[in-house]
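Engineer: After the structure tokens below, expect a handful of questions from me.
Protein chains: 2
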Amino acid sequence: MRQRILDESARLFSQDGIASTSMRQIAKECGIQAGSLYYHFKSKDEIIAEVLELGISFVADAVKAELEKLDGSAGFRELFHAAVLAHLNAFFLHRNYTATHIREFKQAPASTRIKNIKTRDAYEQLWADLFAKGVSEGVLATDIDLRFARLLLLSSMNWALEWFKPKGQRSFDELTVTIVRIFLDGCTARAASTQEDSPAAGSKQVVHSN
Amino acid sequence: MRQRILDESARLFSQDGIASTSMRQIAKECGIQAGSLYYHFKSKDEIIAEVLELGISFVADAVKAELEKLDGSAGFRELFHAAVLAHLNAFFLHRNYTATHIREFKQAPASTRIKNIKTRDAYEQLWADLFAKGVSEGVLATDIDLRFARLLLLSSMNWALEWFKPKGQRSFDELTVTIVRIFLDGCTARAASTQEDSPAAGSKQVVHSN
DNA sequence: CCTACCGATCGGTAGG
DNA sequence: CCTACCGATCGGTAGG
Numbered sequence: 100m101r102q103r104i105l106d107e108s109a110r111l112f113s114q115d116g117i118a119s120t121s122m123r124q125i126a127k128e129c130g131i132q133a134g135s136l137y138y139h140f141k142s143k144d145e146i147i148a149e150v151l152e153l154g155i156s157f158v159a160d161a162v163k164a165e166l167e168k169l170d171g172s173a174g175f176r177e178l179f180h181a182a183v184l185a186h187l188n189a190f191f192l193h194r195n196y197t198a199t200h201i202r203e204f205k206q207a208p209a210s211t212r213i214k215n216i217k218t219r220d221a222y223e224q225l226w227a228d229l230f231a232k233g234v235s236e237g238v239l240a241t242d243i244d245l246r247f248a249r250l251l252l253l254s255s256m257n258w259a260l261e262w263f264k265p266k267g268q269r270s271f272d273e274l275t276v277t278i279v280r281i282f283l284d285g286c287t288a289r290a291a292s293t294q295e296d297s298p299a300a301g302s303k304q305v306v307h308s309n
Numbered sequence: 100m101r102q103r104i105l106d107e108s109a110r111l112f113s114q115d116g117i118a119s120t121s122m123r124q125i126a127k128e129c130g131i132q133a134g135s136l137y138y139h140f141k142s143k144d145e146i147i148a149e150v151l152e153l154g155i156s157f158v159a160d161a162v163k164a165e166l167e168k169l170d171g172s173a174g175f176r177e178l179f180h181a182a183v184l185a186h187l188n189a190f191f192l193h194r195n196y197t198a199t200h201i202r203e204f205k206q207a208p209a210s211t212r213i214k215n216i217k218t219r220d221a222y223e224q225l226w227a228d229l230f231a232k233g234v235s236e237g238v239l240a241t242d243i244d245l246r247f248a249r250l251l252l253l254s255s256m257n258w259a260l261e262w263f264k265p266k267g268q269r270s271f272d273e274l275t276v277t278i279v280r281i282f283l284d285g286c287t288a289r290a291a292s293t294q295e296d297s298p299a300a301g302s303k304q305v306v307h308s309n
């Protein structure tokens, strides 16, 4: 029942917002009485805190696992592609949790945010490390503010939940290809482009700009 | 007083969320009694609707005016740079309104959203037209899903309010240069790059990838 | 623009 | 996990 409460809460939070979701609504969706929620959780804030934490850790864990699976042999482009795909997949798989985290974090009670900050920072650091690898491999430009670049990338991936309607695994691959292409190579047309919309792994993508 | 009510509402909405902001808080910030708000507005929803509408129209009007000022002589790169800068400037100048629009739109009462949709669609169309111009000039690639590209660009600009701390006009110019650079040319290092972090106009930026 | 008030709903608790 | 309830606060209104 505890898991059920979290799932229904995440769904309602992402749909109506934390403040507009009452304990009575959560209870109703779970098929129990409002007072019974306090047998499983001390307070509404405790539910909020747990949903927020899962919203970031689902994604962070998935991306971390994917990178560790590839590390060693893989180059920056392959790792980058895999990280974007893993982020988007986990993001939409646990949509109710991640949407709550993205939309409601700033307005959540301060006490519930504290527990999240460590997880958030660690996840940002994972991307910072990846970008650093891109620089040391000579793939990423050094005359760009890579902190800006990192935040712009994460912003655009996270905000995708407002407009992206996934239709099967293929659509994730396509979105990933587009994001990787734009972020690394830009939208500008090139003479004699040999760009290919290749499969998920994407690591064989032709680098046509140097 | 009407304007004052809107300003304080936008500030509280963007800070705490619409649902967590009570009419009594708004009244207190305006230095009047709660009941007096209903002399100026029929309901809370009417305040919400007006704040949301201003949140999008401030930006749309600014970008539209900037493009019309330049149109005729200007090429795509110059227009694109000017549009991004105008968007960011207006976005942060009216931060309380735009942040409310971005963060709260989906959770606002359905009746308050209807009035916004036309303004939103028109603004999206403005960018779609600009991108079409980029294609017809041969600047933008045709093998990228430009709808994705457009939404990713707007996502990353809008989400900048979560992390970008403007420090004077110069910081807007820098962010604009970074966004334009990444979006058009990507983050990849190029052999013999001659990239310049040039001033606001930016239209003389060297295209070094073809 | 204020005073005084309405019914509804909120998060949470005692006792079982 | 339920019943019955608490004080606080909500959006909104009547009458001035």
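Which chain is which? The protein sequence lines are A and B, in order.
Count along the first sequence from 1, add 99, and you get the number used in our numbering.
Count along the second sequence from 1, add 99, and you get the number used in our numbering.
C-beta atoms are modelled at their ideal positions from N, C-alpha and C, and glycine is treated no differently.
Source: prediction; values computed, not measured.
Given that residue 255 of chain B touches chain A, what residues does it touch there, using C-beta distances under 7 Å?
Structural biologist: One-based indexing of the second sequence puts residue 255 of chain B at position 156. By Cβ distance, chain A contributes 251, 254 and 255.
Engineer: Measuring CB atoms only, is the stretch 214-228 of chain A touching the stretch 146-160 of chain A, in the sense that at least three cross pairs come out at less than 8 Å?
Structural biologist: Result yes; three or more Cβ-Cβ pairs closer than 8 Å.
Engineer: Is the stretch 216-227 of chain B touching the stretch 132-148 of chain B in the sense that three or more CB pairs, one from each, lie closer than 8 Å?
Structural biologist: Not touching, per the Cβ criterion.
Engineer: Is there a Cβ from chain B that is less than 9 Å from the Cβ of residue 288 of chain A?
Structural biologist: One-based indexing of the first sequence puts residue 288 of chain A at position 189. Closer than 9 Å to some Cβ of chain B, the Cβ of residue 288 of chain A qualifies, so yes.
Engineer: Measuring straight from C-alpha to C-alpha, what distance separates residue 105 of chain A and residue 235 of chain B?
Structural biologist: Sequence index remark: in the first sequence, residue 105 of chain A carries index 6 (1-based). Sequence index remark: in the second sequence, residue 235 of chain B carries index 136 (1-based). Taking the straight line joining both Cα atoms gives about 50 Å.
Engineer: Comparing alpha-carbon positions, which option in B/178, B/162 and B/202 lies nearest residue 189 of chain B?
Structural biologist: In the second sequence, the residue the question calls residue 189 of chain B occupies position 90. Residue B/162 is the option with its Cα nearest to residue 189 of chain B.
Engineer: Restricting to Cα atoms, I'd like to know which of B/193, B/111, B/170 and B/140 is closest to residue 206 of chain A.
Structural biologist: The residue labelled residue 206 of chain A in the question sits at position 107 within the first sequence. Considering only alpha carbons, the answer is B/111.
Engineer: Starting from residue 134 of chain B, trace the alpha helix (DSSP H) in both directions and tell me its first and last residue.
Structural biologist: Position 35 of the second sequence, counted from the first residue, corresponds to residue 134 of chain B. From DSSP, residue 134 of chain B is part of no alpha helix (DSSP H); its letter is neither H nor E.
Engineer: Compare the C-beta of residue 277 of chain B against all C-beta atoms of chain A and say whether one is closer than 9 Å.
Structural biologist: Mapped onto the second sequence, residue 277 of chain B falls at position 178. For residue 277 of chain B, the answer is yes, since a Cβ of chain A falls inside 9 Å of its Cβ.
Engineer: Which residues in chain B sit within 9 Å of residue 157 of chain A, going by Cβ to Cβ distance?
Structural biologist: Residue mapping note: residue 157 of chain A aligns to position 58 of the first sequence, counting from 1. Simply none; closest approach about 20 Å.
Engineer: Quick one: which residues of the stretch 225-243 of chain A get their C-beta closer than 9 Å to a C-beta of chain B? List them in chain order.
Structural biologist: Those would be 230, 233, 234, 237, 238, 239, 240, 241, 242 and 243, in chain order.
Engineer: On the criterion of 16 or more Cβ atoms from any shown chain inside 10 Å, does residue 241 of chain A qualify as buried, or is it exposed?
Structural biologist: As a working note, residue 241 of chain A is residue 142 in the first sequence. With fewer than 16 Cβ atoms within 10 Å of its Cβ, residue 241 of chain A is classed as exposed.
Engineer: Quick one: is residue 210 of chain B buried, meaning 16 or more other Cβ sit within 10 Å of its Cβ, or exposed?
Structural biologist: Here residue 210 of chain B refers to the residue found at position 111 when the second sequence is read from its first residue. Exposed is the call here.
Engineer: Tell whether a beta-carbon distance below 9 Å holds between residue 229 of chain A and residue 283 of chain A.
Structural biologist: Indexing the first sequence from 1 puts residue 229 of chain A at position 130. Indexing the first sequence from 1 puts residue 283 of chain A at position 184. The answer is no: Cβ separation not under 9 Å.
Engineer: What residue from A/254, A/186, A/265 and A/103 has the CA that sits closest to residue 140 of chain A's CA?
Structural biologist: Within the first sequence, residue 140 of chain A is the residue found at index 41, counting from 1. Nearest option by C-alpha distance: A/103.
Engineer: Please report the straight-line C-alpha distance between residue 128 of chain B and residue 170 of chain B, rounded to a whole angstrom.
Structural biologist: In the second sequence, the residue the question calls residue 128 of chain B occupies position 29. In the second sequence, the residue the question calls residue 170 of chain B occupies position 71. Rounded to whole angstroms, residue 128 of chain B to residue 170 of chain B spans 43 Å at the Cα level.
Engineer: Please work out which residues of its chain come closer than 7 Å, Cβ to Cβ, to residue 157 of chain B, disregarding the five sequence neighbours upstream and downstream, and give them in chain order.
Structural biologist: Numbered from 1 along the second sequence, position 58 holds the residue referred to as residue 157 of chain B. For residue 157 of chain B, where only same-chain residues beyond five positions count, the Cβ hits under 7 Å are 189, 193, 196 and 197.
Engineer: Got a sec: is the Cβ-Cβ distance from residue 154 of chain A to anything in chain B below 9 Å?
Structural biologist: For the purposes of this step, residue 154 of chain A is taken as the residue at position 55 of the first sequence. It does not: the Cβ of residue 154 of chain A has no partner Cβ on chain B nearer than 9 Å.
Engineer: With a threshold of 9 Å between beta carbons, is residue 130 of chain B in contact with chain A?
Structural biologist: As a first step, residue 130 of chain B is located in the second sequence; it is residue number 31 there, counting from the start. Residue 130 of chain B does not count as touching chain A.
Engineer: Using a Cβ-Cβ distance under 9 Å, would residue 116 of chain A count as near chain B?
Structural biologist: Mapped onto the first sequence, residue 116 of chain A falls at position 17. At least one chain B Cβ lies under 9 Å of residue 116 of chain A.
Engineer: Checking 9 Å against the spacing of the C-beta atoms, do residue 184 of chain B and residue 275 of chain B come in under that value?
Structural biologist: Counted from its first residue, the second sequence places residue 184 of chain B at position 85. Counted from its first residue, the second sequence places residue 275 of chain B at position 176. Yes, these two residues count as a Cβ contact at 9 Å.
Engineer: Could you give the distance in angstroms between the alpha-carbon of residue 268 of chain B and the alpha-carbon of residue 256 of chain B?
Structural biologist: Here the question's residue 268 of chain B lines up with position 169 in the second sequence. Here the question's residue 256 of chain B lines up with position 157 in the second sequence. For residue 268 of chain B and residue 256 of chain B, the distance between alpha carbons rounds to 16 Å.
Engineer: Give me the Cα-Cα distance between residue 278 of chain A and residue 248 of chain B, rounded to the nearest whole angstrom.
Structural biologist: Numbered from 1 along the first sequence, position 179 holds the residue referred to as residue 278 of chain A. Numbered from 1 along the second sequence, position 149 holds the residue referred to as residue 248 of chain B. Roughly 8 Å separates the two Cα atoms.
Engineer: At 9 Å on the CB atoms, spell out the chain B contacts of residue 60 of chain A, in chain order.
Structural biologist: The requested residue 60 of chain A is not part of the displayed model; chain A covers only 100 to 309.
Engineer: Check this for me: beta carbons of residue 261 of chain A and residue 254 of chain B, under 9 Å apart or not?
Structural biologist: To locate residue 261 of chain A, count along the first sequence from 1; it is residue 162. To locate residue 254 of chain B, count along the second sequence from 1; it is residue 155. Yes, the Cβ-Cβ distance between residue 261 of chain A and residue 254 of chain B is below 9 Å.
Engineer: Rounded to a whole number of angstroms, what is the C-alpha to C-alpha distance between residue 227 of chain A and residue 252 of chain A?
Structural biologist: Taking the first residue of the first sequence as 1, we reach residue 227 of chain A at position 128. Taking the first residue of the first sequence as 1, we reach residue 252 of chain A at position 153. Near 12 Å, if we compare the C-alpha coordinates of residue 252 of chain A and residue 227 of chain A.
Engineer: Per DSSP, residue 239 of chain A forms a beta bridge with which residues?
Structural biologist: Counting from one through the first sequence, the residue named residue 239 of chain A turns up at place 140. Answer by DSSP bridge pairing, in chain order: B/287.
Engineer: Would you check if the distance between the CB atom of residue 280 of chain B and the CB atom of residue 146 of chain A is smaller than 9 Å?
Structural biologist: As a working note, residue 280 of chain B is residue 181 in the second sequence. As a working note, residue 146 of chain A is residue 47 in the first sequence. Their beta carbons are not under 9 Å apart, which means residue 280 of chain B does not touch residue 146 of chain A by this criterion.
Engineer: Excluding sequence positions up to five away, which residues of its chain have a Cβ less than 6 Å from the Cβ of residue 231 of chain A?
Structural biologist: To locate residue 231 of chain A, count along the first sequence from 1; it is residue 132. Once the five neighbours on either side are set aside, residue 231 of chain A has no close Cβ partner at all.
Engineer: Let me see if you follow: with CB-CB separation under 9 Å, is residue 213 of chain B close to chain A or not?
Structural biologist: Here the question's residue 213 of chain B lines up with position 114 in the second sequence. No, residue 213 of chain B does not count as interfacial toward chain A.
Engineer: Helix, strand or coil for residue 258 of chain A per DSSP?
Structural biologist: The sequence position of residue 258 of chain A within the first sequence is 159, counting from 1. Of the three classes helix, strand and coil, the one that applies to residue 258 of chain A here is helix, per DSSP.
Engineer: Does residue 301 of chain A get closer than 9 Å to chain B when you measure Cβ to Cβ?
Structural biologist: In the first sequence, counting from the first residue as 1, residue 301 of chain A sits at position 202. Annotation note: pLDDT 37 at residue 301 of chain A (below 50); position unreliable, no value reported.
Engineer: With distances taken from CA atoms, which of A/121, A/155, A/218 and A/181 is nearest residue 273 of chain A?
Structural biologist: Start at 1 with the first residue of the first sequence, and residue 273 of chain A comes out as number 174. Looking at the Cα atoms, A/181 is the closest of the given residues.
Engineer: If you measure from the beta carbon of residue 124 of chain B to each beta carbon in chain A, is any gap under 9 Å?
Structural biologist: Walking along the second sequence from the start, residue 124 of chain B turns up at place 25. No - not a single Cβ of chain A is within 9 Å of the one on residue 124 of chain B.
Engineer: Any beta carbon from chain A within less than 9 Å of residue 285 of chain B's own beta carbon?
Structural biologist: Position 186 of the second sequence, counted from the start, is the residue given in the question as residue 285 of chain B. With 9 Å as the cut-off, residue 285 of chain B counts as an interface residue toward chain A.
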